[in-house]
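Sequence lines, in order, name chains D and U.
The first sequence begins at 367 in my numbering and counts up by one.
The second sequence begins at 7 in my numbering and counts up by one.
To start, the structure under review is shown below, and the notes come after it.
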Amino acid sequence: MSEDIIRIRDLSTRFFTAEGQVNAVSDLELTIERGEVFGIVGESGSGKSVTALSVMDLVESPGEITGGSIEYRNPAFADAIRDTHPDAVDGELVDLLAIPRETRQSLRGTSFSMVFQDPESSFNPTLTVGEQLAEAVEVQRRASANPRSTRARTNRSRYSLGSYVLSTVLPSQRYVTDESRNRAVELLELVGIPDPVERADEYPYEYSGGMLQRAMIAQALAGEPDVLIADEPTTALDVTIQAQILDLLSDLQEETGMTILLITHNLGVVAWMCDRVGVMYAGEIVERGQLEDVFDRPTHPYTKGLLGSVPDLEGAGGRLQPIPGNVPSLLDREMPDRCYFADRCPKAMDECLEHPPEFDVEGSDEHAAKCYLAEVEYTESRALPADYFELKDASETDERPVAADDEEPHRTGSGTGQETETTPAGDGSTSGSGGDSE
Amino acid sequence: MSTETETETEAEAEAETETEAETTTKVEIDAEAETGSEQPLVRVDSLHKYFYEKNSIVDRLLGEEPVAVRAVDDVSFDIHRGETLGLVGESGCGKSTTGETLLHLQEPTDGAVEFQGRNVFELAGRHLDRFRRSAQVVFQDPFSSLDPRMTIGRIVQQPLDVHSVDTEADRRDRVQNLLEVVGLSADQFDRYPHEFSGGQRQRIAIARALALEPEFVVLDEPTSSLDVSVQAEVLNLLDDLQDEFDLTYLLISHDLSVIRHVCDRVAVMYLGEIVEIGPVENIFAEPKHPYTQALLASVPRASTDEKERERETISGDVPSPRDPPSGCRFRTRCPEVIPPADLEIEQSTYRDLMNLRERVESRELSLELVDDGEGNRIDGSSGRVGNVDVTDERTGDETRAIVGAVKDRLFSAGDGTLPGRHDEVVTAALEAAVDDDWQRAAAMLREEYESVCERVNPGLGEEAHAVACHLYGDPDELVPGDRPDGESNVGRERDERE
Numbered sequence: 367m368s369e370d371i372i373r374i375r376d377l378s379t380r381f382f383t384a385e386g387q388v389n390a391v392s393d394l395e396l397t398i399e400r401g402e403v404f405g406i407v408g409e410s411g412s413g414k415s416v417t418a419l420s421v422m423d424l425v426e427s428p429g430e431i432t433g434g435s436i437e438y439r440n441p442a443f444a445d446a447i448r449d450t451h452p453d454a455v456d457g458e459l460v461d462l463l464a465i466p467r468e469t470r471q472s473l474r475g476t477s478f479s480m481v482f483q484d485p486e487s488s489f490n491p492t493l494t495v496g497e498q499l500a501e502a503v504e505v506q507r508r509a510s511a512n513p514r515s516t517r518a519r520t521n522r523s524r525y526s527l528g529s530y531v532l533s534t535v536l537p538s539q540r541y542v543t544d545e546s547r548n549r550a551v552e553l554l555e556l557v558g559i560p561d562p563v564e565r566a567d568e569y570p571y572e573y574s575g576g577m578l579q580r581a582m583i584a585q586a587l588a589g590e591p592d593v594l595i596a597d598e599p600t601t602a603l604d605v606t607i608q609a610q611i612l613d614l615l616s617d618l619q620e621e622t623g624m625t626i627l628l629i630t631h632n633l634g635v636v637a638w639m640c641d642r643v644g645v646m647y648a649g650e651i652v653e654r655g656q657l658e659d660v661f662d663r664p665t666h667p668y669t670k671g672l673l674g675s676v677p678d679l680e681g682a683g684g685r686l687q688p689i690p691g692n693v694p695s696l697l698d699r700e701m702p703d704r705c706y707f708a709d710r711c712p713k714a715m716d717e718c719l720e721h722p723p724e725f726d727v728e729g730s731d732e733h734a735a736k737c738y739l740a741e742v743e744y745t746e747s748r749a750l751p752a753d754y755f756e757l758k759d760a761s762e763t764d765e766r767p768v769a770a771d772d773e774e775p776h777r778t779g780s781g782t783g784q785e786t787e788t789t790p791a792g793d794g795s796t797s798g799s800g801g802d803s804e
Numbered sequence: 007m008s009t010e011t012e013t014e015t016e017a018e019a020e021a022e023t024e025t026e027a028e029t030t031t032k033v034e035i036d037a038e039a040e041t042g043s044e045q046p047l048v049r050v051d052s053l054h055k056y057f058y059e060k061n062s063i064v065d066r067l068l069g070e071e072p073v074a075v076r077a078v079d080d081v082s083f084d085i086h087r088g089e090t091l092g093l094v095g096e097s098g099c100g101k102s103t104t105g106e107t108l109l110h111l112q113e114p115t116d117g118a119v120e121f122q123g124r125n126v127f128e129l130a131g132r133h134l135d136r137f138r139r140s141a142q143v144v145f146q147d148p149f150s151s152l153d154p155r156m157t158i159g160r161i162v163q164q165p166l167d168v169h170s171v172d173t174e175a176d177r178r179d180r181v182q183n184l185l186e187v188v189g190l191s192a193d194q195f196d197r198y199p200h201e202f203s204g205g206q207r208q209r210i211a212i213a214r215a216l217a218l219e220p221e222f223v224v225l226d227e228p229t230s231s232l233d234v235s236v237q238a239e240v241l242n243l244l245d246d247l248q249d250e251f252d253l254t255y256l257l258i259s260h261d262l263s264v265i266r267h268v269c270d271r272v273a274v275m276y277l278g279e280i281v282e283i284g285p286v287e288n289i290f291a292e293p294k295h296p297y298t299q300a301l302l303a304s305v306p307r308a309s310t311d312e313k314e315r316e317r318e319t320i321s322g323d324v325p326s327p328r329d330p331p332s333g334c335r336f337r338t339r340c341p342e343v344i345p346p347a348d349l350e351i352e353q354s355t356y357r358d359l360m361n362l363r364e365r366v367e368s369r370e371l372s373l374e375l376v377d378d379g380e381g382n383r384i385d386g387s388s389g390r391v392g393n394v395d396v397t398d399e400r401t402g403d404e405t406r407a408i409v410g411a412v413k414d415r416l417f418s419a420g421d422g423t424l425p426g427r428h429d430e431v432v433t434a435a436l437e438a439a440v441d442d443d444w445q446r447a448a449a450m451l452r453e454e455y456e457s458v459c460e461r462v463n464p465g466l467g468e469e470a471h472a473v474a475c476h477l478y479g480d481p482d483e484l485v486p487g488d489r490p491d492g493e494s495n496v497g498r499e500r501d502e503r504e
């Protein structure tokens, strides 16, 4: 089954903040096949979470998807939508960015659903876990009854101001039918929670972190989604619990045949779970391919650096090979038109001053990298001088009043958290950048 | 490093340039010399740290008993000069509390910590001053451990000010020097922490810890809030600094690959106790304690062989430190929990039975709403079958149905039946539970299946690679029926296989 289920073309997501435009995701290309586990790996600030939020349509102001297309293959949905939005439909594929927001949102749960990083903050502490799961089931039930108008209908009649006021006086449980509640218990059982009947009546604080993550997966499965997006699903958990959750995700994927888009910073988790991988850096995928391509035959110096900085569990000590510098600022005005990695790259050449397109690399058909090294051999003669970017930065800082002011790590966009954090240009070995070089 | 014995000097002469080889040799010699005259830099002796809940005046007046959270429960280990001891475990196992208590940042409940031969908790005056200067700490989160209103120069200089080292001008020089040592630049003296990235901030925290030229530094998860590439830089830096200043580290981390990379010896903690301690190579190559084994098996490796790797992961969560399990604390999750000697049973079945016992004893076994297979839901606790109220007299059939359903649920591997006599015992116990006689149910199961692991808490041996597990104990001491009363010395096993 190598049919593509999601096809992302030239996706750009930008955040318009007081400091300027942040290019969280730029011109991202990504194809996810049905039934596979696709991993996106990268460091904090590389744009991997924003990519997930863009697919889910959860990007909030000041963020905005500014361009590109996200095509989703679903014949039934394509038929339903064809009459009203012929432009958006191409065969079985529907461009999600070309249909109205309400319609797109009706796909949440039934087509796409998401598991977030921190289960403790993702549940409402004032409702029982069973209630919250039952709510998800109820919403999916109504959504699947009428894919296009559910949102509008529930907005008006069920979730009106009147019923909101009522629900503050009366218990809100009347939204949820017994049927949904029973389904919630089944879901809890499916994700391996012992005594699901009792557990459903407990509040989130009574669950441990691992249990709550299981409950969140159960909630995501309520609508039997085609694609499950798991954003750092195990980062907040201990290793033994992480192993349990990864096993659970593998089992569920095998049983239901759903597609998983797994976002993580942990290369070990990728190796455990994924069939194909994309390595993200500064808002774009710099290398992609089968797991073996990327792990055994990395081409991009960033991928190599990432693999080299992981301490090995099997082998003896020895020195790690860190990548000098830091994840770059994603502010538009600080992203020159060159390879974004060039200033940290040990093999930067003259070519790298121009932004590289994606090249095919040896390995499987899908192995590709955005790096000139895929085409040209590295030669000393064309190498950039070691202090090239420091000198350039220094000359730039003269023009700006206080370089430090906009280097402050800050958060942009309420829902996007650390992924849009911008950090100062240099760390440690490149600390010559910034104000100290005058 | 000032701990050289004669043999060690020889060894070092051979491997003078090879830092790695040197450390390895040194560890082995340290281990051998342990019983000798050599004195460890830090000696932790049965350290306890309990936190008390419900301990306010109001609670006292209401007659509530304080609840002890046993964060650190009888922990002993030595740290030798120049080595890095790793303390690894899952969240809540007490590793950070151990680190804080041994620096006397927390008041201990019991036990002693000797630093250079003096008990840290009894220090005062000049000696306390000296201890504070020679033992330092680097905290996990560089975003909250640096005062945002102070320049980094002042942050690093503060320890020098507090201890009135040198003149003002000298201190400033020294701080600028320190900033360069940790890979920052001296003219960043007047910048504020917010201008730095996570990795740089951690460098500042390290510079602050080094300001007073300590001998011993506790590193409490120094890299866990950093990205891998930045983490690698910080780890390399810590390595260089250790060589340069002859530092002794206690590295607290949950990340086994970091521990593997940095440490000479490792102590594995679980629920406030050390379950295994030894040289890093031994712990990683031949882990003995089932918990260490499970921990290692759970770590995903960044390699393409990862999918094919056989791994045995453990189920369940860490129990609460408020009421830790009796005996060995890992027994509630242990895949190798030891059955009574006269019991013929498969390990996996025994594990299932122990899980059942656990739930019967805590009365967490669900008897409500057990599906009877025909779409009817039998409510075991209130005695309802479907819509029919049978509270008065539950028939034998219904009890059997409930018991059968519970067995189906718990022993799914063997299609709900247990081999031979076990089936009878379990059925009888479950019937008692359905009759709401939980105590009797628990007693019936205990009589049949009580394990040595729950009676006796295995002690940690004295060897270089010591493990606190009955699997490595003296089998003669584990004869069932021979019940030691309370905390006897039976648990102090020696590891014969070493």
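Where a beta carbon is used, it is the ideal one built from N, C-alpha and C, also for glycine.
Beta carbon proximity, residue i to chain U, threshold 8 Å
{"i": "Thr669(D)", "result": "no"}
{"i": "Asp678(D)", "result": "yes"}
{"i": "Asp544(D)", "result": "no"}
{"i": "Asp662(D)", "result": "yes"}
{"i": "Gly783(D)", "result": "Caution is warranted here: a pLDDT of 39 is assigned to Gly783(D), below 50, making its placement in the model unreliable, and the coordinate value is therefore given only provisionally. No - not a single Cβ of chain U is within 8 Å of the one on Gly783(D)."}
{"i": "Thr383(D)", "result": "no"}
{"i": "Asp772(D)", "result": "In this prediction, Asp772(D) scores a pLDDT of 40, lower than 50, which makes its location untrustworthy; no coordinate-derived value is stated."}
{"i": "Leu686(D)", "result": "yes"}
{"i": "Leu875(D)", "result": "Missing from the structure shown is residue 875(D); chain D here goes from 367 to 804 and no further."}
{"i": "Arg777(D)", "result": "No answer about Arg777(D) holds up, because its pLDDT of 40 lies below 50 and its placement is not dependable."}
8 Å Cβ cutoff met for residue i and residue j
{"i": "Lys604(D)", "j": "Glu221(U)", "result": "Checking the displayed sequence, the identity of residue 604(D) turns out to be Asp instead of Lys. No, the Cβ-Cβ distance between Asp604(D) and Glu221(U) is not below 8 Å."}
{"i": "Leu750(D)", "j": "Met715(D)", "result": "yes"}
{"i": "Val94(U)", "j": "Ser259(U)", "result": "yes"}
{"i": "Ala581(D)", "j": "Tyr573(D)", "result": "yes"}
{"i": "Phe290(U)", "j": "Asp226(U)", "result": "no"}
{"i": "Ile465(D)", "j": "Leu377(D)", "result": "no"}
{"i": "Glu732(D)", "j": "Gly655(D)", "result": "yes"}
{"i": "Val143(U)", "j": "Thr103(U)", "result": "no"}
Residue-chain proximity (residue i, chain D), Cβ-Cβ < 8 Å
{"i": "His267(U)", "result": "yes"}
{"i": "Thr319(U)", "result": "yes"}
{"i": "Asn288(U)", "result": "no"}
{"i": "His260(U)", "result": "yes"}
{"i": "Ala211(U)", "result": "no"}
{"i": "Glu404(U)", "result": "no"}
{"i": "Asp242(U)", "result": "Residue 242(U) is actually Asn in this sequence, not Asp. True, the Cβ-Cβ gap to chain D drops below 8 Å."}
{"i": "Leu301(U)", "result": "yes"}
Beta bridge counterpart(s) of residue i as assigned by DSSP
{"i": "Asp726(D)", "result": "Ala734(D)"}
{"i": "Phe222(U)", "result": "Ala141(U) and Thr254(U)"}
{"i": "Ser259(U)", "result": "Val94(U)"}
{"i": "Lys529(U)", "result": "Residue 529(U) falls outside the range modelled here, since chain U spans only 7 to 504, and no answer is possible."}
Interface partners of residue i on chain U, CB under 7 Å
{"i": "Val635(D)", "result": "Pro306"}
{"i": "Ile689(D)", "result": "Ser235"}
Listed by chain order, chain D residues near residue i by CB distance under 7 Å
{"i": "Ser368(U)", "result": "Under the 7 Å cutoff, chain D gives no residues; its nearest Cβ is about 11 Å from Ser368(U)."}
Residue i: contacting residues in chain U (beta-carbon distance under 8 Å)
{"i": "Leu673(D)", "result": "Ala308"}
Chain D residues whose Cβ lies nearer than 9 Å to that of residue i
{"i": "Val264(U)", "result": "Pro677"}
{"i": "Asn183(U)", "result": "None at all; the shortest Cβ gap to chain D is about 15 Å."}
Chain U residues whose Cβ lies nearer than 9 Å to that of residue i
{"i": "Ser574(D)", "result": "Asp323 and Val324"}
Counting only Cβ-Cβ distances shorter than 8 Å, please list the residues of the region 584-613 of chain D near chain A, keeping chain order.
In the structure shown, chain A cannot be found, because the protein chains are D and U.
Can we say the region 675-691 of chain D touches the region 397-404 of chain D, given the rule of at least three CB pairs closer than 8 Å?
no
Would you say the region 482-493 of chain D touches the region 553-572 of chain D, given that touching needs at least three Cβ pairs under 8 Å?
yes
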